[in-house]
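Everything below concerns the one structure shown next.
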Amino acid sequence: MADISNNFVGIKSPNPFWLASAPPTDKAYNVERAFEAGWGGVVWKTLGEDGPPIVNVNGPRYGAIWGADRRLLGLNNIELITDRDLHVNLREIKEVKKKWPDRAIIVSIMVPCEEAAWKSILPLVEETEADGIELNFGCPHGMSERGMGAAVGQVPEYIEMVTRWCKANTRMPVIVKLTPNITDIRYPARAAKAGGADAVSLINTVSSIVSVDLDSFAPQPTIDGKGSHGGYCGPAVKPIALNMVADIARDAETANLPISGIGGITTWRDAAEFLALGAGNVQICTAAMTYGFKIVEEMISGLENWMDEKGHGSLDDVIGRATPNVTDWQYLNLNYVTKAKINQDSCIKCGRCHIACEDTSHQAITSMLDGERHFEVIDEECVGCNLCVNVCPVEDCITMEQLPAGSLDKRTGEKVKKDYGNWTEHPNNPTVVAAE
Amino acid sequence: MAGSAARKKLGKKLEDGIVAGRIDAKSAEQNFADIHPPMGDHEALVASDRCYFCHDAPCVTACPTSIDIPLFIREISTGNTIGAAETIFEQNILGGMCARVCPTETLCEQACVRELAEGKPVKIGLLQRFATDQAMREQKQFFPRGKASGKSVAIVGAGPAGLACAHRLAMHGHQVTIFESRKKPGGLNEFGIASYKTVDDFAQHEVDYVTDIGGIDIQYGKALGGKLTLDSLRSDHDAVFLGMGLTGVNALGLKGKDPEGVEDAVDFIAKLRQAKSKTRLAIGRRIVVIGGGMTAIDAAIQAKLLGAEDVTICYRRGQENMNASPYEQELATSKGVTIRHWLQPRKIKTKAGAVSGIELEYTQLNRGKLEGTGATTTLVADQIFRAIGQSYEDTTGGTLKLNRGRIQTDADGATSLDGVWAGGDCTDSGDDLTVTAVAQGRDAAEAITIALNA
Chain A
1258 MADISNNFVG IKSPNPFWLA SAPPTDKAYN VERAFEAGWG GVVWKTLGED GPPIVNVNGP
1318 RYGAIWGADR RLLGLNNIEL ITDRDLHVNL REIKEVKKKW PDRAIIVSIM VPCEEAAWKS
1378 ILPLVEETEA DGIELNFGCP HGMSERGMGA AVGQVPEYIE MVTRWCKANT RMPVIVKLTP
1438 NITDIRYPAR AAKAGGADAV SLINTVSSIV SVDLDSFAPQ PTIDGKGSHG GYCGPAVKPI
1498 ALNMVADIAR DAETANLPIS GIGGITTWRD AAEFLALGAG NVQICTAAMT YGFKIVEEMI
1558 SGLENWMDEK GHGSLDDVIG RATPNVTDWQ YLNLNYVTKA KINQDSCIKC GRCHIACEDT
1618 SHQAITSMLD GERHFEVIDE ECVGCNLCVN VCPVEDCITM EQLPAGSLDK RTGEKVKKDY
1678 GNWTEHPNNP TVVAAE
Chain B
871 MAGSAARKKL GKKLEDGIVA GRIDAKSAEQ NFADIHPPMG DHEALVASDR CYFCHDAPCV
931 TACPTSIDIP LFIREISTGN TIGAAETIFE QNILGGMCAR VCPTETLCEQ ACVRELAEGK
991 PVKIGLLQRF ATDQAMREQK QFFPRGKASG KSVAIVGAGP AGLACAHRLA MHGHQVTIFE
1051 SRKKPGGLNE FGIASYKTVD DFAQHEVDYV TDIGGIDIQY GKALGGKLTL DSLRSDHDAV
1111 FLGMGLTGVN ALGLKGKDPE GVEDAVDFIA KLRQAKSKTR LAIGRRIVVI GGGMTAIDAA
1171 IQAKLLGAED VTICYRRGQE NMNASPYEQE LATSKGVTIR HWLQPRKIKT KAGAVSGIEL
1231 EYTQLNRGKL EGTGATTTLV ADQIFRAIGQ SYEDTTGGTL KLNRGRIQTD ADGATSLDGV
1291 WAGGDCTDSG DDLTVTAVAQ GRDAAEAITI ALNA
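For the record, the sequence lines run as chains A and B. First residue of the first sequence: 1258, per this note's numbering; consecutive thereafter. First residue of the second sequence: 871, per this note's numbering; consecutive thereafter.
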């Protein structure tokens, strides 16, 4: 049986599935239920500085995007950091950690951008014997208006500065949580590393308006006729998160910086993809908020079974395995030629491949043959784009078949070259310097 | 329970002969409730999401009225139910009834690619009902009456063909007068369809919805023949559309007159539809229905639902030859109806002037030809329904060319007589389906308009 125990910057947990800092980790009651369900660790919902508790809105905090049968695809929220007393949280963290020594407890923190504020809270957190801290530089709503959260995460210099303060003032590992609401994720990641961060975690939520009520003409969730942008999460943001994780994993400056992957992870497969792109473990929130804590059983069993089937003994055999295969477009092999092929036995004749290709692409799929509806790829026109595969409702009905080297590409009239060749050396590339 | 008390509780359930009150009011209500209850909002959203929005969709091709099914289903899935209804009504103004009575399992839903993919088609019929019900409930009228053309068109028969024709003619601004032989409109929608398929007086509501466009006058109790002649219609109007359906019922072809207790299934079905109280309808204890089409099925199921103990459909050929769809056959057997094949009626048995049974002869195919084998069997029965088809009875004075016993029409519904069009079951291109009659009425209206504007 594959070993899925996790060691993330020295923090050990029985599996790589942590609950992200969010409503599910706001108090001992929820966290203990999570541990009972089997979660490997939690990042406790963000603590703010000592003083009067945070105030939340008293109307709806969440909005959503649904797929068929109201399957929740994306969630957005305008909830702030914990609205419970700092000392109640600290006491509970200490109690739960003592009770569950084999599980990871990380404490998320967000205090004003002043060294004194961080200096005063860090010893209090340290005293709980939590395993580490996560700096919330990601929250895009509410707190960012007060110069915290994403307001810090969008300025690499601030990230570096605060990270450095934390490293100087605590023995605990420091994980810096990054916001995706920037143009290039590598800059904040590099700043975190420069500040001495032990790891980064990403992504936090994406700034979003999830929908507009067409009767009241107000964004949703609506509070007394008004709405504010929220933080978007759930399955819909996974592709954005995967790309950002890969960007950091393959950036020379941050190549060895551990990453805790976050963003729309709903199944073991999603988690495995994050690990493969370089995440050392994963954090989950929306899936738990949709289905409850029990989903971790599927995640654990799915990951173990997949690793067993593929012969991966431990997480180290998986982590970062896909990172070297992420490259820039200019290095993709232009001599790799594919054509779509429709399996007529599994085709149900819906015609979606045809109309997608005909209306919006390359006119490379027939719709009729001898007066009968018939869908077949016209090799002379097919550029191998994969759109038909993506719109076909039948799995594996349309496949992309590679043309072997030496065979004729009917579209170009040329033989497929066997050698690797990319844009950097392509004759049409004006920046290529011709060999003398 | 003591024996006599128990027997008393059975009431008339097991009484021989044709008697009323075999079921109580509660059973009547349950038995004749909507057979396919309408979809709820969420159910419709989930069902509509299953549609693949096919290109050149086979369901549209399979629909005699060519409703743009993928479009109306997509409209439902986006919460635009009224738009969906308009898409349906554009092609088929009787889309509400068709949603209830179309044999979708042999039309659109059979053609659905998901039927091919997984044997579970998109529920097109129920979705169509979902959309049309909402629009009719909200009294949404999508098609205004056209600017008066000054032309007048006579229609014979207020059934599906006549109503569809009338509505389209009104859209084009023509004044329409429908001559209907019965006291109520709707034709087979009102008189010829099993009660549980169209509950709550839907056929009448639909007629009101269709005629709400204006410019359609229905005159009741006026049949073609007698005072009202085709010639007079032709001289009083600019065009005539015939949609009177089939008025004759095929006989069993046995010697002598059929005794009391042998009835036409269509009459039974009509009587049932018009009955205020189902418990007061008399029905036999043991019933035999002769035939293999939808009428046979509708009569047999409803006889069973009225409390008949045994109901047997006897059909002279095999299952594969039955006009009733496999789905309808299954529905009948699920209600307790027995279906027997390769049997043809030979002799009605009577006792004291009333039906007591029927002797049937086993049949077989001999070089593709059906023949009796000589071997017989007898079923005990106190009531027998004839459901072996209906026929066209000419009331036009023999002026129209017929084809295979029905009015000959071209693709536009034009008959052999100038200025006379026809559609629905009375024509040679009718196929005993409401939806086909609607398509033919509609298309004839377009052809009439072109002719009148020429």
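Cβ coordinates follow ideal geometry from the N, Cα and C atoms, glycine included.
- Pairing Ala1135 of chain B with Val1159 of chain B gives a Cβ-Cβ distance under 9 Å.
- Taking a beta-carbon distance threshold of 9 Å, Ser1624 of chain A counts as an interface residue toward chain B.
- Annotated as proximal: Pro1397 of chain A and Thr1462 of chain A, with beta-carbon spacing under 9 Å.
- The straight-line gap separating the alpha-carbon atoms of Gly1549 of chain A and Asn1287 of chain A is approximately 11 Å.
- In the three-state reduction of the DSSP assignment, Asp1653 of chain A falls in the coil class, being assigned neither a helical nor a strand state.
- Spatial neighbours of Lys1017 of chain B in its own chain (CB-CB distance under 7 Å, excluding positions within 5 residues in sequence) are listed in chain order as Gly1043.
- By the C-beta density criterion, Glu1652 of chain A is exposed, having fewer than 16 other C-beta atoms within 10 angstroms.
- Setting aside the 5 residues that flank it on each side, Asp1508 of chain A is surrounded in the same chain by Arg1443, Ala1446 and Arg1447, each with a C-beta closer than 8 Å to its C-beta; the list follows chain order.
- Exposure of Thr1617 of chain A is indicated by the presence of fewer than 16 other C-beta atoms within 10 angstroms of its C-beta.
- DSSP places Leu1235 of chain B inside the beta strand (DSSP E), whose first and last residues are Ala1224 to Asn1236.
- Cys1645 of chain A has a beta carbon lying at 9 Å or more from every beta carbon in chain B.
- Of A:Ala1277, A:Asp1307 and A:Ile1311, the smallest CA-CA separation from Trp1296 of chain A is found for A:Ala1277.
- For Tyr1415 of chain A, the CB contacts under 7 Å within the same chain, skipping 5 residues up- and downstream, are Cys1370 and Val1409 in chain order.
- For Asp1087 of chain B, the enclosing beta strand (DSSP E) covers residues Ile1086 to Tyr1090.
- With a threshold of 16 other beta carbon atoms within 10 Å, Gly1641 of chain A meets it and is buried.
- A Cβ-Cβ separation of about 6 Å places Val1314 of chain A in contact with Ile1335 of chain A under the 8 Å criterion.
- As DSSP reads the structure, Met1625 of chain A sits in a beta bridge with A:Arg1630.
- Restricting attention to B:Ala1315, B:Ala1317 and B:Leu1303, the CA atom closest to the CA of Pro934 of chain B is found in B:Leu1303.
- Interface annotation for the stretch 956–990 of chain B against chain A: Val983, Arg984, Leu986 and Ala987, criterion Cβ-Cβ distance under 8 Å.
- Among the residues facing chain A, Asp926 of chain B is included, as its CB has a counterpart in that chain under 9 Å away.
- Between Phe1531 of chain A and Val1539 of chain A, the alpha-carbon positions lie close to 7 Å from each other.
- Judged by DSSP in its simplified three-state form, Pro1215 of chain B adopts strand.
- Residues of chain B with a Cβ closer than 8 Å to the Cβ of Arg1609 of chain A are, in chain order, Tyr922, Phe923, Cys924 and His925.
- Comparing C-alpha distances from Glu1008 of chain B to each of B:Arg970, B:Ala1031, B:Glu960 and B:Tyr1079 shows the shortest one belongs to B:Tyr1079.
- Ala1292 of chain B has its alpha-carbon roughly 4 Å from the corresponding atom of Leu1112 of chain B.
- With a threshold of 9 Å between beta carbons, Asp919 of chain B makes contact with chain A.
- With a threshold of 9 Å between beta carbons, Ile1655 of chain A makes no contact with chain B.
- Between Val1077 of chain B and Glu1060 of chain B, the CB-CB gap stays under 9 Å.
- Look at Pro1496 of chain A here: in three-state DSSP terms it is helix.
- Nearest to Gly1118 of chain B by C-alpha distance, out of B:Gly1275, B:Lys1217, B:Ala987 and B:Trp1212, is B:Gly1275.
- Taking C-beta atoms as the reference points, Ala1373 of chain A and Thr1420 of chain A fail to come closer than 9 Å.
- Neighbours of Val916 of chain B in chain A, taken as residues at a C-beta separation under 7 Å, are given in chain order as Ala1325 and Asp1326.
- Under the 10 Å beta carbon count, Arg1526 of chain A is surrounded by fewer than 16 other beta carbons and is classified as exposed.
- Contacts with chain B at 9 Å (Cβ-Cβ) do not include Val1463 of chain A.
- Secondary structure remark: continuous alpha helix (DSSP H) runs of at least 4 residues inside the stretch 1375–1460 of chain A, in chain order: 1407–1410, 1413–1426 and 1443–1451.
- Using a Cβ-Cβ cut-off of 9 Å, Pro1650 of chain A counts as an interface residue toward chain B, since at least one Cβ of chain B sits closer than that to its own.
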